[in-house]
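Following the numbering used here, the numbering of the sequence shown begins with 3 at its first residue and continues without gaps. Below you'll find the structure, written out as structure tokens, and then a few comments.
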Amino acid sequence: MRYCKKCVMPDTRPGIKFDDEGVCYPCRHHETKAKTDWNKRWQELEKLADKYRGSNGNYYDCINTVSAGKDSYYQTYILKEKLGMNPLLINIDNFSWTKTGKQNWSNLLQKFGVDAHIMSLNPKVCKKMFRMGLEKIGKPGWYFDLAIYAYPIQMAIKLGIPLVVYGENTSYEYGGTLGDKETYSALEQINNDVIKPIDWSVWLKEDPSLSMKDFNPCIYPSAEEIKRAKLDPIYLSYFVPWSQYKHMEFARSKGFKTLDDTGEWKREGYIEQYNQIDTVGYLTDAWFKFLKFGFCYTTATSSVLIREGRLTREEAVKLVNEEDYKLDRKMLKDFLDFIEYPEEKFWAIADKFANKEILEKRNGVWRLKKEVQ
3 MRYCKKCVMP DTRPGIKFDD EGVCYPCRHH ETKAKTDWNK RWQELEKLAD
53 KYRGSNGNYY DCINTVSAGK DSYYQTYILK EKLGMNPLLI NIDNFSWTKT
103 GKQNWSNLLQ KFGVDAHIMS LNPKVCKKMF RMGLEKIGKP GWYFDLAIYA
153 YPIQMAIKLG IPLVVYGENT SYEYGGTLGD KETYSALEQI NNDVIKPIDW
203 SVWLKEDPSL SMKDFNPCIY PSAEEIKRAK LDPIYLSYFV PWSQYKHMEF
253 ARSKGFKTLD DTGEWKREGY IEQYNQIDTV GYLTDAWFKF LKFGFCYTTA
303 TSSVLIREGR LTREEAVKLV NEEDYKLDRK MLKDFLDFIE YPEEKFWAIA
353 DKFANKEILE KRNGVWRLKK EVQ
């Protein structure tokens, strides 16, 4: 594994690229932000808002894809209060919520006075798909993640709302196949590295009790359907400076609570308690990045904090070596309880997906053969 000279992201992250000096593209992209004309970008966003504001009469001007997180607070603030738009918030329901997440969701709606639509996926289908995702591809959350991408686009077409607003361009901000060039358009985001394309016939063959009717919320519209509906999905991060930490501070000023604030849970394997805090068991999905690629949340968060000058690389190296390999016990239990799965079987499957070129078992735990330097 080769690590970025500036942050701690390894070259095993799917789609990431390093330059000749050994620096990852996300670090280089962050450097360019200091030269970006953000006033000009904001004017471009205002023109977009002017184009769509009121275009549906008294109906919604745009769809705002959200969770109950800090970034969603910032997105909603920009759309509702700064741009004066009437957004419809769309959220994919968690199979289990933290108390903090429920509180933050309720506060988000009340604070900004917005309508919201929560899509609750069929729990029986979810359980089956989580199990198959775990067993076949080592990504239990494949089905859920696809819903996050597909369902807002489905609803935009059905409701006749062309403008769909997403937060950050993950490929550009953090590294990925589509991360070479910055763009405001999110038309191609389904082709990033988050969702591995798998034909539905694979799952139907694996479990004949399922049918295409069961997959409705997760079927991504065709390019022709999207073109016909004249959809205009955008990344807000193109138009305004994007900072997870600053968004957390802003959201707290609006009543958002972190896990530290509520004292509900101190997660193992994490160096912060403000990212993705809505849910419990679903986060087990991300831990498989460590098994496959040798990095997880501590690496990702540390790299972002390094770029923002909130953490030194030396501090990050220590934290990554101490925390990144850990799978939180509460997280795992919640996940296994939901899919009704024995823990012994889970670990046997996890072992199958462990990348033995970079990992070794020490005291029954998968660790990097060579620590981050």
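By construction, the Cβ of each residue, glycine as well, lies at the ideal position given by its N, Cα and C atoms.
Next on the checklist: Mapping the DSSP letters down to three states, classify Pro125 as helix, strand or coil.
Outcome noted: Here Pro125 sits in helix by DSSP.
Item to check | Whole runs of the alpha helix (DSSP H) within the stretch 287-363, excluding any shorter than 4 residues | outcome: List check, alpha helix (DSSP H) in window: 299-309, 315-325, 331-341, 345-355.
Item to check | Alpha carbon of Val127 to alpha carbon of Lys8, nearest angstrom | outcome: Approximately 43 Å between the Cα atoms of the pair.
Item to check | Contained beta strand (DSSP E) runs [length at least 3] in the stretch 99-151, N- to C-terminal order | outcome: For the stretch 99-151, whole beta strand (DSSP E) runs of length 3 or above, ordered along the chain, are 117-121.
Next on the checklist: Between which residues of its own chain and Asn109 is the CB-CB distance below 6 Å, once the five residues before and five after are set aside?
Outcome noted: Within the same chain, Asn109 has close Cβ partners Gly257.
Checklist entry - Excluding the five sequence neighbours on either side, which residues of its own chain have a C-beta within less than 6 Å of the C-beta of Asp328, listed in chain order? => result The question names Asp, but residue 328 is Lys in the sequence shown. Result list for Lys328: Glu270, Gly271, in chain order.
Checklist entry - Quick one, are the C-beta atoms of Val374 and Val319 less than 8 Å apart? => result Yes, they are a contact pair.
Item to check | Own chain residues within Cβ distance below 7 Å of Val306, not counting five before or after | outcome: Only Gln246 meet the Cβ criterion.
Checklist entry - If you draw a straight line from the alpha carbon of Phe97 to that of Ala70, how long is it in whole angstroms? => result Whole-angstrom Cα-Cα distance: 14 Å.
Item to check | CB-CB length for Asn66 against Leu85, believed under 8 Å | outcome: Contact between Asn66 and Leu85 fails: their C-beta atoms lie close to 11 Å from each other, not under 8 Å.
Checklist entry - Is Ala158 near Ile236, with beta carbons less than 8 Å apart? => result Their beta carbons are not under 8 Å apart, which means Ala158 does not touch Ile236 by this criterion.
Checklist entry - Should Ile279 and Thr300 be called a contact, given that it needs their Cβ atoms to be closer than 8 Å? => result Using a Cβ distance threshold of 8 Å, Ile279 and Thr300 do not count as a contacting pair.
Next on the checklist: With the cut-off set at 8 Å, would you say Asp63 and Met87 are in Cβ contact?
Outcome noted: Pairing Asp63 with Met87 gives a Cβ-Cβ distance under 8 Å.
Checklist entry - In or out: Trp205 buried (at least 16 other Cβ within 10 Å) or exposed? => result So Trp205 ends up on the buried side.
Checklist entry - Can you give the Cα-Cα distance for Gly140 and Asn58, rounded to whole angstroms? => result Straight-line measurement puts the Cα of Asn58 at about 43 Å from the Cα of Gly140.
Checklist entry - Does DSSP classify Asn58 as helix, strand or coil? => result If DSSP states are grouped into helix, strand and coil, Asn58 belongs with coil.
Item to check | Reference Asp73, options Trp40, Asn171, Asp39, closest by Cα | outcome: It is Asn171 whose Cα lies nearest to the Cα of Asp73.
Item to check | Start-to-end residues for the alpha helix (DSSP H) that takes in Leu81 | outcome: Counting along the chain, Leu81 falls outside any alpha helix (DSSP H), and DSSP gives it neither H nor E.
Item to check | Host beta strand (DSSP E) of Cys64 (start-end) | outcome: Counting along the chain, the beta strand (DSSP E) containing Cys64 begins and ends at 64-67.
Item to check | Beta bridge counterpart(s) of Leu370 as assigned by DSSP | outcome: Paired residue(s): Leu361.
Item to check | Between the CA atoms of Lys42 and Phe146 - distance to the nearest angstrom | outcome: CA-CA distance, Phe146 to Lys42, rounds to 36 Å.
Item to check | Ala253, buried or exposed, once every other Cβ within 10 Å from all chains shown has been counted against 16 | outcome: By the 10 Å Cβ count, Ala253 comes out buried.
Checklist entry - Just how far apart, CA to CA, sit Gly169 and Arg55? => result When rounded, the distance between both Cα atoms is 19 Å.
Checklist entry - What does a CB cutoff of less than 6 Å around Arg331 pick up in its chain, not counting 5 residues either side in sequence? => result No residues qualify anywhere along the chain.
Checklist entry - Could you give the C-beta distance for Gly177 and Arg15, rounded to a whole number, given that I count them as a contact under 8 Å? => result Contact annotation, Gly177 with Arg15: C-beta distance approximately 5 Å; criterion of less than 8 Å satisfied.
Next on the checklist: Am I right that Leu233 and Ile155 are in contact with their C-beta atoms under 8 Å? What's the rounded C-beta distance?
Outcome noted: Contact holds; Cβ gap of about 7 Å.
Item to check | Residues of its chain near Phe290, where Cβ-Cβ distance is below 8 Å and the 5 sequence neighbours each way are ignored | outcome: Hits under 8 Å: Gly140, Lys141, Pro142, Ala352, Phe355.
Item to check | Environment of Lys371 [buried if 16+ CB atoms lie within 10 Å] | outcome: With fewer than 16 Cβ atoms within 10 Å of its Cβ, Lys371 is classed as exposed.
Next on the checklist: What does the alpha-carbon distance come out to for the pair Asp52 and Ser239?
Outcome noted: Near 19 Å, if we compare the C-alpha coordinates of Ser239 and Asp52.
Item to check | Nearest-angstrom Cβ-Cβ length linking Pro28 and Glu175, presumed shorter than 8 Å | outcome: Rounded, the Cβ-Cβ distance is 6 Å, consistent with contact.
Next on the checklist: Here's the rule: buried if 16 or more other CB atoms are within 10 angstroms of the residue's CB, otherwise exposed. What is Gln112?
Outcome noted: Answer is exposed; the Cβ neighbour count stays below 16.
Item to check | Closest by C-alpha distance to Ala302, when choosing among Gly115, Glu316, Val322 | outcome: Nearest Cα to Ala302 within the set Gly115, Glu316, Val322: Val322.
Next on the checklist: Quick check on this structure: which residue in Trp40, Glu274, Thr100, Glu190 has the alpha carbon closest to the alpha carbon of Phe337?
Outcome noted: Looking at the Cα atoms, Thr100 is the closest of the given residues.
Checklist entry - Ile163 lies in the beta strand (DSSP E); which residues open and close that run? => result First-last for Ile163: undefined, no H or E at that position.
Item to check | Residues near Trp44 in its chain [Cβ-Cβ closer than 8 Å; skip 5 each side] | outcome: Phe241, Val242, listed in sequence order.
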